[in-house]
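Protein sequence lines, in the order shown, are assigned to chains A, B and C. What the first sequence shows, in my numbering, is residues 1 to 196, in sequence order. What the second sequence shows, in my numbering, is residues 197 to 582, in sequence order. What the third sequence shows, in my numbering, is residues 583 to 969, in sequence order. Using N, Cα and C, we set each Cβ at its ideal position, and we do this for glycine too. Contents: one structure, followed by commentary.
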Amino acid sequence: MNGLETTRKETKLKKKGSVPQANVPSGPLLKRKMAFEGTPLSGKDFEQGKVLFTTYKPKLAYAWDTGRAIGRYLQGLKEGRLLGVRCRHCDRTVIPPRAFCERCFRPIEEWVQLQDRGVINTFSISYVRWDAVRLEKPTLPAVIDIEGTSPRVGILHLLGEVDPKQIKVGMKVKAVWKAASERIGAITDIQYFKPE
Amino acid sequence: MRKVAVVGAGLTKFMRRAQETGKELSFEAARAALDNAGMQLKDIDCVVMGTAPDAFDGVHMKGEYLSDGSGAWGRPYLRGYVGGGTGVFAPIQGWYHIASGMFDTCLVVCEEKMSGCKPHPQGAFLTIFDHTTERPLYPNLLWIFALEMNRYMTTHGITKREIAHVAVKNKKNAMDHPSAQLPMEITVEDVMNSEVMAWPVNRLDVSPTSDGAAAVILASEEKAKKITDKPIWIQGVGWNLDTSYWTNRDLYYPEYVERAARMAYKMAGVKEPRKEIHIAEPYDPFDYKELHHMEGLLLCGKGEAARLAVDGVTARDGDLPVCPSGGLLGVGNPIAAAGLMKISELFWQLRGEAGKRQVPGQPKRGVAQAWGDLMQVGTVVVMGVD
Amino acid sequence: MDRRVAVIGIGTTGFRAASPEVSYREMIYEAAVKAYSDAGLAPDQIGSFIACSEDISEGTSIFDEYCPDQIGGARRPVHSVSGDGLHGIITAAMNIQTGLFETALVECHSKVSNCIDPVEIMNYALDPIYNRPLGEHPEFIAGLEMRRYLYESKAQPKDCAAVVQKNRAHALKNPWAAYPANLELEEIQDSPATFDPLREIDRAHHADGASVVILASADWVKKNRVKNPVWVKGMGWISEDPGLEMRPWGRSIATQKAAKMAYKQAGIRSPRSEIDFAEVDDTYSYKELQHLEDLWFFPLGGAAKAVRSGLTRSDGKFPVNVSGGCLGMGNAAEASGLQRVLEIVTQLRGEAGVRQLKRVRQAVAQSWRGIPTTSCAVAVLSKGVNS
Ligand SMILES: [Zn+2]
Numbered sequence: 001m002n003g004l005e006t007t008r009k010e011t012k013l014k015k016k017g018s019v020p021q022a023n024v025p026s027g028p029l030l031k032r033k034m035a036f037e038g039t040p041l042s043g044k045d046f047e048q049g050k051v052l053f054t055t056y057k058p059k060l061a062y063a064w065d066t067g068r069a070i071g072r073y074l075q076g077l078k079e080g081r082l083l084g085v086r087c088r089h090c091d092r093t094v095i096p097p098r099a100f101c102e103r104c105f106r107p108i109e110e111w112v113q114l115q116d117r118g119v120i121n122t123f124s125i126s127y128v129r130w131d132a133v134r135l136e137k138p139t140l141p142a143v144i145d146i147e148g149t150s151p152r153v154g155i156l157h158l159l160g161e162v163d164p165k166q167i168k169v170g171m172k173v174k175a176v177w178k179a180a181s182e183r184i185g186a187i188t189d190i191q192y193f194k195p196e
Numbered sequence: 197m198r199k200v201a202v203v204g205a206g207l208t209k210f211m212r213r214a215q216e217t218g219k220e221l222s223f224e225a226a227r228a229a230l231d232n233a234g235m236q237l238k239d240i241d242c243v244v245m246g247t248a249p250d251a252f253d254g255v256h257m258k259g260e261y262l263s264d265g266s267g268a269w270g271r272p273y274l275r276g277y278v279g280g281g282t283g284v285f286a287p288i289q290g291w292y293h294i295a296s297g298m299f300d301t302c303l304v305v306c307e308e309k310m311s312g313c314k315p316h317p318q319g320a321f322l323t324i325f326d327h328t329t330e331r332p333l334y335p336n337l338l339w340i341f342a343l344e345m346n347r348y349m350t351t352h353g354i355t356k357r358e359i360a361h362v363a364v365k366n367k368k369n370a371m372d373h374p375s376a377q378l379p380m381e382i383t384v385e386d387v388m389n390s391e392v393m394a395w396p397v398n399r400l401d402v403s404p405t406s407d408g409a410a411a412v413i414l415a416s417e418e419k420a421k422k423i424t425d426k427p428i429w430i431q432g433v434g435w436n437l438d439t440s441y442w443t444n445r446d447l448y449y450p451e452y453v454e455r456a457a458r459m460a461y462k463m464a465g466v467k468e469p470r471k472e473i474h475i476a477e478p479y480d481p482f483d484y485k486e487l488h489h490m491e492g493l494l495l496c497g498k499g500e501a502a503r504l505a506v507d508g509v510t511a512r513d514g515d516l517p518v519c520p521s522g523g524l525l526g527v528g529n530p531i532a533a534a535g536l537m538k539i540s541e542l543f544w545q546l547r548g549e550a551g552k553r554q555v556p557g558q559p560k561r562g563v564a565q566a567w568g569d570l571m572q573v574g575t576v577v578v579m580g581v582d
Numbered sequence: 583m584d585r586r587v588a589v590i591g592i593g594t595t596g597f598r599a600a601s602p603e604v605s606y607r608e609m610i611y612e613a614a615v616k617a618y619s620d621a622g623l624a625p626d627q628i629g630s631f632i633a634c635s636e637d638i639s640e641g642t643s644i645f646d647e648y649c650p651d652q653i654g655g656a657r658r659p660v661h662s663v664s665g666d667g668l669h670g671i672i673t674a675a676m677n678i679q680t681g682l683f684e685t686a687l688v689e690c691h692s693k694v695s696n697c698i699d700p701v702e703i704m705n706y707a708l709d710p711i712y713n714r715p716l717g718e719h720p721e722f723i724a725g726l727e728m729r730r731y732l733y734e735s736k737a738q739p740k741d742c743a744a745v746v747q748k749n750r751a752h753a754l755k756n757p758w759a760a761y762p763a764n765l766e767l768e769e770i771q772d773s774p775a776t777f778d779p780l781r782e783i784d785r786a787h788h789a790d791g792a793s794v795v796i797l798a799s800a801d802w803v804k805k806n807r808v809k810n811p812v813w814v815k816g817m818g819w820i821s822e823d824p825g826l827e828m829r830p831w832g833r834s835i836a837t838q839k840a841a842k843m844a845y846k847q848a849g850i851r852s853p854r855s856e857i858d859f860a861e862v863d864d865t866y867s868y869k870e871l872q873h874l875e876d877l878w879f880f881p882l883g884g885a886a887k888a889v890r891s892g893l894t895r896s897d898g899k900f901p902v903n904v905s906g907g908c909l910g911m912g913n914a915a916e917a918s919g920l921q922r923v924l925e926i927v928t929q930l931r932g933e934a935g936v937r938q939l940k941r942v943r944q945a946v947a948q949s950w951r952g953i954p955t956t957s958c959a960v961a962v963l964s965k966g967v968n969s
């Protein structure tokens, strides 16, 4: 069908005196057609009970240590502040904060309070939820370059209070925070970013 | 450096949902590759497995689980992974098993069974994002593609319409591939009018989720020449992983792919990729990715790839055939297996055994590439007839 | 081409029960900085970076995304291996032997304290169709294995207790260890059975920690006049049956084959007389006895006699797990295998302080990937090039 035939030199690999396997035709040259195995199933095969299956729901749960850098970042969010760090070796100011510079491989000690505003680096208008469920009202994820950082340094967050058609790369946006009493020290303490 | 050749390749069908278990898919691909090389399992010194997140198969340490299906029982066995880049990394891993002088033959198997993951395999991708700074926003995998595609389009002024040519080409190419899951003849209008998933990504811009497996057999120079008259040599390998802080990078260009490509070209002695590469299989889980990666592979300048697609330069009979297999868009995307499918394609194309898919002009050298993680890793293999 | 490879740098945070003050990134960074400092190298002098991890243990899919930054590997050739630290060492050595790289770095870590239910993670590794539906606690597998091993080797549960006593006592002299203890044999034997004959105390406790090892080619070692290289003279790794149905429960066949492979490369004919000490997997006490026999150091049943007589104590003729092993240091998943190498390197360099062994030149490290696997790795490490 597709010409994927192979020329097989059986004799070369065979040890002296070995017996060819019963189901393999022997001979110095063996032409064998490539097979592309596999049995596609449809949803119907499951509904009609044509195939058996077993299910399992894992009970996996984690409590990740935030450590020093992200721990302080989250504390800042709780206080309504956006914190970054500056590496004195490469003179970069970055967010999210980190305990060491991945380029210079040096510890970072200098903390910087950044503006809670920035510029849309890129965005999407997403009609699909994380688990592939279709959405009527789209989610608006964006990478937002935060003011006060080095060029092209941003965070992933969401946009809000904006007509999706009006969103542009380069648009200036500002964080909309949850009320102080509702903040828990999480990235979601910022509800979204809205156009300035 | 010790020379290493590909001497056989095999694939299963790529399917939305396979009856076979992951072990069985691995077995079928491995068996097909052994048949293709005219070898038996006893001729294999060691086994390498490539497979992406454990969350799909629903098994912790799934490399261990898949080992017997891949022919590893009683053998040295390693599973490497670099996310979506794994399919082209697995043969690199096989390459260093042999190039190190440790072994003479290596069976490389890549498997993915995504359909078992409920309610939808996309759900598994939530856990690829940073657990503290990103996951609470409930990101979808499509987001990172959409964000990257938008940045790429905006930077170069490329249109969705231009990019759609890639989906049209690859899905059509796949009509000649016996493993293909989504072969179809469509138009640019069809792509443009298909359902918007995460703008700028429409449904037909995207490859499907799939079940499937692929395998290749690698051999040292001495062994390869005994096994076949037409070994296809691994001339260069490269891989590169960028920082995990993906929001601190400009997504318009895959710097890490360029670095991986330069590493592979240097080893292969390729100085002018545009002239010296006759056939390319860049990673195309989304149509714009093919263009993005052609640029990273230095097959054209930054922002120039779309023009080549529109002008038909990258068609199977064009000046630079790109994804003549049908790619992930057409053949399907069982992640790691899809990458290794590209290696199989180069193997058959360079041997002149690709049948209806054969690109004209007896290509002498090709490049395959995969990509993965958080828009972060490039894996590159250069293969040739000498 | 000179294909020999040496360890030229090591770094570890040490192991402890939990590590809430640091993120995984910060913890690994500490180990990496120490290894670079030990080797006298900077990240841009490393050719290939290898990280060992498993997604489900991290709670992150495609965890290799998060590997490069803390080891200095961003925008460099980095890849992950789903193996333990010894598989990482083997991968690094092969990378160097190709001639493509002069140096390579291996990273392993554990943040198991962040997993709410590590048993469920172990359970998630069982065959989802044949075994997991039984709904049993997965450690029953260790109970089955232990019983069969005791039956075949005629070793006694009290010999396993002696292993626990020895290793946790060894850990008293190791500042990197999380679970040092001075235990009486009786109290170990009185520990409640979990999967009889397995007792609660026969199992290594979990630990957090990170370790990094840097390797280099022989040419590099020569060119840079490295003072105390430790050579990787032989490597072997084998996976046997992943299923439970057909495995020989009493023995670790994978260890037997991996050891043969490593000894052949190292030119070792008589392991017991050519090897001075060993660091082997002891995730469960009986595993140390089983692994010592399958490494061809003792005949079946010989390891029990050895532990009874004190031969494998740090002051014995053939010290085993002088680091404390997993029982004394803690089970830090992938990092456990790498820690076996770190201990050997420290000993062969003569830098082990109060636990320093005398006149040691050559040692064996062995690892097992844990329940339910049959994947084992072995490495022979040596001080002298031609010893
Ligand atoms: Zn810096």
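Residues Asp-637 of the same chain have their beta carbon placed closer than 7 Å to that of Ser-643(C), with the five preceding and five following residues left out of the count. DSSP places Val-169(A) outside any beta strand (DSSP E), giving it a letter other than H or E. Counting only unbroken stretches of 4 or more residues, the alpha helix (DSSP H) elements lying wholly within the region 254-336 of chain B are 258-262, 282-295, 317-320, in sequence order.
Out of Leu-262(B), Lys-367(B), Leu-274(B), Ala-248(B), the CA that lies nearest to the CA of Met-310(B) is found in Ala-248(B). Exposed is the label assigned to Gln-75(A), since fewer than 16 other Cβ atoms lie within 10 Å of its Cβ. What you get when you keep residues with a C-beta closer than 7 Å to any heavy atom of ligand 1 is Cys-87(A), His-89(A), Cys-90(A), Arg-92(A), Cys-101(A), Arg-103(A), Cys-104(A), Arg-106(A). Per DSSP, Lys-804(C) has no beta bridge partner at all. At a C-beta separation below 8 Å, Arg-152(A) has these neighbours in chain B: Asn-444, Arg-445, Asp-446. Taking the Cβ atoms as the reference, Phe-597(C) lies roughly 7 Å from Asp-790(C), within the contact range of under 8 Å.
Rounded to the nearest angstrom, the gap between the Cα atoms of Val-862(C) and Glu-870(C) is 6 Å. Annotation: the region 363-425 of chain B contains the following complete segments of the beta strand (DSSP E) (minimum length 3 residues), in chain order: 392-395, 407-416. In the three-state scheme derived from DSSP, where H, G and I count as helix and E and B as strand, Ile-953(C) is classed as coil. Taking a 10 Å sphere around the C-beta of Ile-240(B), we find 16 or more other C-beta atoms and assign the residue as buried. The contact set of Tyr-706(C) on chain A, defined by CB atoms closer than 8 Å, consists of Pro-58, Leu-60 in chain order. CA-to-CA, the gap between Gly-526(B) and Ile-354(B) works out to about 23 Å.
Contact between the region 616-628 of chain C and the region 832-841 of chain C is absent: fewer than three C-beta pairs spanning the two stretches fall below 8 Å. Counting C-beta pairs closer than 8 Å gives three or more between the region 720-730 of chain C and the region 769-788 of chain C, which meets the contact rule. Contact between Leu-114(A) and Ile-144(A) fails: their C-beta atoms lie close to 11 Å from each other, not under 8 Å. In the three-state reduction of the DSSP assignment, Gln-554(B) falls in the coil class, being assigned neither a helical nor a strand state. For Gly-185(A), the closest C-alpha among the options Ile-167(A), Cys-87(A), Arg-72(A) is that of Arg-72(A). Scanning the region 895-947 of chain C from its first residue to its last, the whole alpha helix (DSSP H) runs of 4-plus residues come out as 907-911, 916-931. Within the same chain, Cβ atoms closer than 6 Å to the Cβ of Glu-734(C) are found at Gly-832, the five residues on either side in sequence being excluded. The beta carbon of Asp-65(A) falls within 7 Å of a beta carbon belonging to chain C, placing the residue at that interface. Residues of chain A whose Cβ lies closer than 9 Å to the Cβ of Lys-209(B) are, in chain order, Phe-36, Glu-37, Gly-38, Thr-39, Pro-40. At a cut-off of 7 Å between beta-carbon atoms, Ile-184(A) makes no contact with chain B.
When CB distances to chain B are screened at a threshold of 9 Å, the residues of the region 661-693 of chain C falling below it are His-661, Ser-662, Val-663, Ser-664, Gly-665, His-669, Ile-672, Thr-673, Ala-675, Met-676, Asn-677, Ile-678, Gln-679, Thr-680, Gly-681, Leu-682, in chain order.
Note on geometry: alpha-carbon atoms of Val-794(C) and Val-812(C) lie some 15 Å from one another. Inter-residue distance for Arg-212(B) and Asn-436(B) is about 31 Å (C-alpha atoms, whole angstroms). Of the residues Thr-122(A), His-157(A), Asp-65(A), Gly-38(A), the one whose Cα lies closest to the Cα of Cys-697(C) is Asp-65(A). Secondary structure note for Phe-543(B): its alpha helix (DSSP H) is the uninterrupted segment 531-547.
DSSP places Arg-134(A) in the strand class (E or B) of the three-state scheme. Taking 3 residues as the shortest admissible run, the region 695-732 of chain C contains no complete beta strand (DSSP E) segment at all.
Counting the other Cβ atoms within 10 Å of the Cβ of Ala-959(C) gives 16 or more, which makes it buried.
Residue state for Phe-123(A) is assigned as strand, using DSSP reduced to three classes. In chain order, Val-589, Val-812, Trp-813, Val-814, Lys-815, Val-923, Ile-926, Val-927, Leu-930, Gln-944, Ala-945, Val-946, Ala-947 place their CB closer than 8 Å to the CB of Leu-963(C), counting only its own chain and leaving out the 5 sequence neighbours on each side. By the Cβ-count criterion, Thr-55(A) is exposed, with fewer than 16 other Cβ atoms from all chains shown falling within 10 Å of its own Cβ.
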